[in-house]
């Protein structure tokens with residue numbers, strides 16, 4: 001299993017744990033996080049965990065392109081995709097709860113903007129990498 | 142990879158790009174208001190992410206990777222396998238359209254009905270492939 005694939009899967013597991021922890025904390029009556037952490041929780045589960053596990057496993061298991069000989073090699077685009085996605089997600093989780101509290105703050109605005117660009121770029125790189133690997137069986141004749 | 146899986150996985154990747162684009166738009170709109178009607182895209186964002194991306198990717202991959210039959214068509218009827226992707230995506234598009242045209246009451250029902258129908262066909266095809274052929278002995 002290539003290193004970046006391991007990172008995708010381990011990061012996915014950590015987000016699953018953190019998302020579940022957040023869901024638990026939100027149920028404690030004295031710590032009412034209300035709607036502030038709800039989008040953070042959903043994105044931890046859907047993007048951080050499920051999407052990231054799908055990305056990691058598909059990059060590992062899907063047929064390799066003709067010029068990629070070994071399953072264990074990491075491509076630069078995959079590494080970029082991992083780091084962009086996770087930096088984008090962390091920036092999102094750090095900024096999103098503060099949007100209603102500081103709606104006019106420039107730091108929050110810029111963090112949201114940068115986080116969005118990083119996440120979109122990561123998804124785009126993943127699709128560029130995996131698209132040619134989603135193909136039918138190539139005949140040897 | 143069978144052609145049915147190729148189409149379902151590629152369509153799921155297209156839905157992933159659309160869901161991410163909508164998500165970025167909604168997230169930016171929280172701090173920099175872009176247009177008052179942007180919030181109406183929120184249900185589309187999560188419908189596309191859950192059904193178009195995650196569920197469809199899983200269906201396409203499962204159809205490809207589960208054990209094949211030892212005799213006859215390796216993955217069962219090709220006609221029914223082709224129909225899964227078509228019915229699922231038409232159902233999803235109708236479901237999404239229903240969020241934009243509130244007046245047409247029967248659109249969500251048709252959309253959800255088609256998605257449900259495609260899932261029934263998928264289960265019908267995959268059920269008998271949930272087996273093990275270890276030591277040449279069929280275990281269901």
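Chains as they are written, first to last, in this note's numbering: chain D, 1 to 141; chain S, 142 to 281.
We put the CB at the ideal spot given by N, CA and C, even for glycine.
Which listed residue (the options) has its alpha carbon closest to that of residue i
i              : options                        : result
residue 204(S) : 164(S), 145(S), 258(S)         : 145(S)
residue 233(S) : 172(S), 199(S), 194(S), 207(S) : 194(S)
residue 214(S) : 270(S), 149(S), 274(S)         : 270(S)
residue 251(S) : 177(S), 154(S), 228(S), 272(S) : 228(S)
residue 12(D)  : 39(D), 23(D), 26(D), 55(D)     : 55(D)
residue 171(S) : 74(D), 112(D), 81(D), 10(D)    : 112(D)
residue 45(D)  : 79(D), 89(D), 27(D)            : 89(D)
residue 132(D) : 65(D), 121(D), 30(D), 40(D)    : 65(D)
residue 237(S) : 263(S), 182(S), 216(S)         : 182(S)
residue 260(S) : 156(S), 178(S), 226(S), 216(S) : 226(S)
residue 43(D)  : 4(D), 27(D), 18(D)             : 18(D)
residue 5(D)   : 74(D), 110(D), 115(D)          : 74(D)
residue 16(D)  : 25(D), 31(D), 41(D)            : 41(D)
residue 23(D)  : 37(D), 30(D), 96(D)            : 37(D)
residue 50(D)  : 10(D), 135(D), 2(D), 116(D)    : 10(D)
residue 152(S) : 175(S), 231(S), 241(S), 244(S) : 231(S)
Secondary structure of residue i, DSSP reduced to three states
i              : result
residue 115(D) : helix
residue 178(S) : helix
residue 30(D)  : coil
residue 20(D)  : helix
residue 65(D)  : coil
residue 75(D)  : coil
residue 219(S) : helix
residue 137(D) : coil
residue 160(S) : helix
residue 93(D)  : helix
residue 44(D)  : helix
residue 210(S) : coil
residue 102(D) : coil
residue 128(D) : helix
residue 173(S) : coil
residue 36(D)  : coil
Cβ distance (whole Å) where residue i is taken to contact residue j below 8 Å
i              : j              : result
residue 52(D)  : residue 8(D)   : 5 Å
residue 207(S) : residue 150(S) : With 8 Å as the limit, residue 207(S) and residue 150(S) do not qualify as a contact, their Cβ atoms being about 15 Å apart.
residue 130(D) : residue 58(D)  : 6 Å
residue 165(D) : residue 98(D)  : With chain D covering only 1 through 141, there is no way to say anything about residue 165(D).
Closer than 7 Å: residue i CB and nearest the ligand SAH heavy atom
i              : result
residue 159(S) : Looking at this structure, you won't find the ligand SAH or any other ligand, since it has none at all.
Stretch-stretch touch, CB-based, cutoff 8 Å, three pairs: the region 183–197 of chain S with the region 150–167 of chain S = yes
inquiry  = With a threshold of 8 Å, are at least 3 pairs of Cβ atoms found where one atom belongs to the region 240–257 of chain S and the other to the region 207–225 of chain S?
reply    = Contact between the region 240–257 of chain S and the region 207–225 of chain S is absent, because fewer than three Cβ pairs lie under 8 Å.
query = With contact counted as at least three CB pairs below 8 Å, one residue from each stretch, are the region 110–130 of chain D and the region 80–98 of chain D in contact?
reply = yes
Residue ranges of each alpha helix (DSSP H) within the region 214–279 of chain S, 4 or longer = Unbroken alpha helix (DSSP H) stretches of 4 residues or longer found wholly inside the region 214–279 of chain S: 219–241, 248–267, given in chain order.
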